[in-house]
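Student:
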Amino acid sequence: MLPARTQHAPLAPTPSSDELFEAMLTWLQGKSEHTRRSYQKVMRDFLHFVQCHPREVRPLDVAAWKEHLKREGLTDSTISQRLSAVSSYYQYLQKPFFDGRPLLTHNPVQGVERRDLEISPYEKSRKVSSADFNDILAQIERHTPHGARDYAMLLFYVLCGRRLSEVVGLYGRDLRPEKNKVQYKVRLKGGKSKWKEMPPPVWQAIRTYLATAQRTLRPDEPLFMATVDNGDYLRDFYQVERPTAPQPLTGAAVGQALKRYAIKAGLDPASLSVHSLRHLGAELFNEASGDILQTQQFLDHAHLNTTQIYLTQLQGSDHKHWEEMMRRLNE
């Protein structure tokens, strides 16, 4: 049972309800679409749990929510991510606004102990082996438009080590063929973008896909397009107009395709995700280059430490001295 609430005494003037919720909308607008949806859900669930205005939230409320998430069976990493999302909102409120003063001067998340959360950002990392990936590719009917598309797409994920949205979000304007190479534009976390070289086998697979699908890639068209409109029957039922522009393949459709091929290859689909292909690409590149700095650039990690953690989680930590330890133990 939480003790009775006491009114905060912030240094800034007490903001109105509208100001805080308007600030929440502004805070969310600065995020990517995926992050925005995720943070919206977190804030909705958080405010539903604490049952009070954001201005009145105390560290005890946040601590109670953290314990609630534990009882719900969420992993420590997920709980930490949700606490970070709420903290990000309050940090935003502490910035100077129109009159040069913050809307709030306290962040209730800062008062919550988090050292009990065992956090590894890649604890769920699972890579697919090279042999299994080749088995998956062998299941694809590459002579069909959707098969040629899937082959090019899956090869793209591994040889370029990209995240899910970074490939399905590509349009014709994001490819830049030159005399001896092809570059593609990748949109990274944080809204940044850069041009990167495309491996020739990926470009050849894309050209084969476009030829098989009898497509000429236009600047305003998605690179990887859906071959079947699964929403057609719903539009007919609800009498909704069909989209006039070609539709890109969704991330969910890519994941479903990967799992279908995995089943055909005799693999466990539950153990695979599209991100597993990025993991495989990371390991292959690191083995080929032997240089963790190059691997960091390949994966576009902002910090080298992130790459080190990433590879350690995928490969595990070697126990190099167990033989000598056993020898000494038996002396």
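Everything in the sequence shown is counted per the working numbering, starting at 456 for the first residue and increasing by one.
Positions of the beta carbon are idealized from the N, C-alpha and C atoms, including for glycine.
Note that the coordinates shown come from a computational prediction; the quantities given were computed from them, not determined experimentally.
Looking at R631: is its Cβ nearer than 9 Å to the Cβ of K640?
Tutor: yes
Student: Just tell me which of D675, A518, A607 and Q749 has its CA closest to the CA of A668.
Tutor: A607
Student: Please work out which residues of its chain come closer than 6 Å, Cβ to Cβ, to Q536, disregarding the five sequence neighbours upstream and downstream, and give them in chain order.
Tutor: none
Student: Between which residues of its own chain and L625 is the CB-CB distance below 6 Å, once the five residues before and five after are set aside?
Tutor: L678
Student: Between which two residues does the alpha helix (DSSP H) harbouring K525 extend?
Tutor: P514 to R526
Student: So, at 8 Å on beta carbons, what are the nonlocal neighbours of T671 in its own chain, with the 5 sequence-adjacent residues on each side left out?
Tutor: Counting only Cβ-Cβ distances below 8 Å, and skipping sequence neighbours, we find L665.
Student: Ignore the nearest five residues each way along the sequence and tell me which others in I747's own chain have a CB closer than 8 Å to its CB.
Tutor: N741, L759, T762, Q763 and L766
Student: Please report how far the alpha carbon of V647 lies from the alpha carbon of G555, in whole angstroms.
Tutor: Correcting the residue identity first, residue 647 is Lys in this sequence and not Val. Roughly 28 Å between the two C-alpha positions.
Student: I'd like the ranges of any alpha helix (DSSP H) spanning at least 4 consecutive residues and lying wholly in the region 556–639.
Tutor: 585–593, 600–615 and 619–623
Student: Report the rounded CA-to-CA distance for D473 versus A540, giving the unit in angstroms.
Tutor: Rounded to whole angstroms, D473 and A540 show a C-alpha spacing of 20 Å.
Student: Hey, out of R510, E676, D675 and V497, whose CA is closest to P563's CA?
Tutor: By alpha-carbon distance to P563, the top candidate from R510, E676, D675 and V497 is R510.
Student: Decide if W650 is buried, meaning its Cβ has at least 16 other Cβ atoms within 10 Å, or exposed.
Tutor: exposed
Student: Can you tell which of R662, V613 and P655 has the C-alpha that lies nearest to the C-alpha of G627?
Tutor: Considering only alpha carbons, the answer is R662.
Student: State whether the region 716–734 contacts the region 616–625, with contact taken as three or more CB pairs (one from each stretch) at a distance under 8 Å.
Tutor: yes
Student: Between E778 and N785, what straight-line distance do the alpha-carbon atoms span, to the nearest angstrom?
Tutor: 11 Å
Student: State buried or exposed for F476, treating a residue as buried only when at least 16 other CB atoms are found within 10 Å of its CB.
Tutor: So F476 counts as exposed.
Student: Going by C-alpha to C-alpha distance, which of K486, P656 and V657 sits closest to Y547?
Tutor: The residue with the shortest Cα to Cα distance from Y547 is K486.
Student: Would you check if the distance between the CB atom of Q549 and the CB atom of K719 is smaller than 9 Å?
Tutor: Cβ atoms of Q549 and K719: not closer than 9 Å.
Student: Take V657 as the anchor and find which of T705, V637 and L704 has the nearest alpha-carbon.
Tutor: With respect to the C-alpha of V657, the residue from T705, V637 and L704 having the closest C-alpha is V637.
Student: Suppose you measure from the CA of L558 to the CA of D590; what does that come to, to the nearest Å?
Tutor: 56 Å
Student: Would you kindly check if the distance between the Cβ of A660 and the Cβ of A717 is under 9 Å?
Tutor: Cβ distance not < 9 Å, so A717 and A660 don't count as in contact.
Student: On the premise that D587 lies in contact with A802, defined as a C-beta separation below 8 Å, what is that separation, rounded to the nearest angstrom?
Tutor: This structure gives no information on residue 802, because the portion of the chain shown stretches from 456 to 786.
Student: Compute the beta-carbon to beta-carbon distance between L538 and K521, rounded to the nearest angstrom, for a pair I have assumed lies under 8 Å.
Tutor: 6 Å
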